[in-house]
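Residue numbers (this note's numbering): 1 to 212.
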């Protein structure tokens, strides 16, 4: 999946993956990470997710990274936030407002730190199979020792539907996060998608807790 694909999706406003409300799975399962207000949270490939604002009500620092600057600007504009913008390089900017910081640029090269908590709703499932190992290795390198990840994945017959979002089965989750404690929290086979215009025999949303 090249970067131009995502740039064009945002430029053309083809963002069926965007949720207009806080993800109920985040609200329900976040407490299982034993979060503390002082725990910084990292959200990879965050888009303009409303989940960022919800997390900012619970934590003093929420850091996202998003390839599309259109999405980053839209997030702050739609929430009537006026961020400070710092140019880090020709291809990386940092937007900051109160508890929120979002890097506009490539996830794989953003100058990120390490974080005790990570929330991934739409990042791993945006990765084609060829990039998932690289994605997971980078994610785990950003997780502090003793840290925890709340991961949301999708499971459907991949041969019946083109991604993204891609199907990531349980065995693949266990392979990508091998060596970590993995708890399967939920499987919802009544998920209200697949995305518009796509069909599959089944379409399940799954939630995982990954602990170092």
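All C-beta atoms, glycine included, are put in the ideal place defined by N, C-alpha and C.
{"Item": "Contact under 8 angstroms by Cβ, residue 127 with residue 166", "Value": "yes"}
{"Item": "In chain order, each beta strand (DSSP E) run of at least 3 residues that lies wholly inside the region 37-125", "Value": "41-44, 62-66, 84-89, 92-97, 100-104 and 115-120"}
{"Item": "Given 8 angstroms, three or more beta-carbon pairs between the region 117-133 and the region 145-162", "Value": "yes"}
{"Item": "Element boundaries [beta strand (DSSP E), containing residue 172]", "Value": "Segment 170-176 is the alpha helix (DSSP H) holding residue 172; no beta strand (DSSP E) there."}
{"Item": "Distance, residue 87 Cα to residue 23 Cα", "Value": "31 angstroms"}
{"Item": "Separation of residue 114 from residue 41, as counted between CA atoms", "Value": "9 angstroms"}
{"Item": "Top-ranked residue by Cα proximity to residue 199, from 49, 134, 163 and 89", "Value": "163"}
{"Item": "Expected contact under 8 angstroms - CB spacing of residue 67 and residue 106 to nearest Å", "Value": "6 angstroms"}
{"Item": "Host beta strand (DSSP E) of residue 211 (start-end)", "Value": "204-211"}
{"Item": "DSSP three-state assignment for residue 165, whether helix, strand or coil", "Value": "coil"}
{"Item": "Three-state secondary structure (DSSP) of residue 28", "Value": "helix"}
{"Item": "Straight-line Cα distance separating residue 100 from residue 61", "Value": "6 angstroms"}
{"Item": "Best match in 46, 70 and 36 for proximity to residue 57 [C-alpha to C-alpha]", "Value": "36"}
{"Item": "Residue 93 vs residue 78 beta-carbon contact at 8 angstroms", "Value": "no"}
{"Item": "Residue 131 - containing alpha helix (DSSP H), residue span", "Value": "129-141"}
{"Item": "Close beta carbons around residue 174, own chain, < 8 angstroms, minus the five adjacent residues each side", "Value": "182"}
{"Item": "Identity of the residue in 179, 206 and 65 nearest residue 146 by Cα", "Value": "179"}
{"Item": "8 angstroms contact criterion, which residue 207 and residue 25 should meet: CB distance rounded", "Value": "6 angstroms"}
{"Item": "Distance between beta carbons of residue 84 and residue 96, contact taken as under 8 angstroms", "Value": "5 angstroms"}
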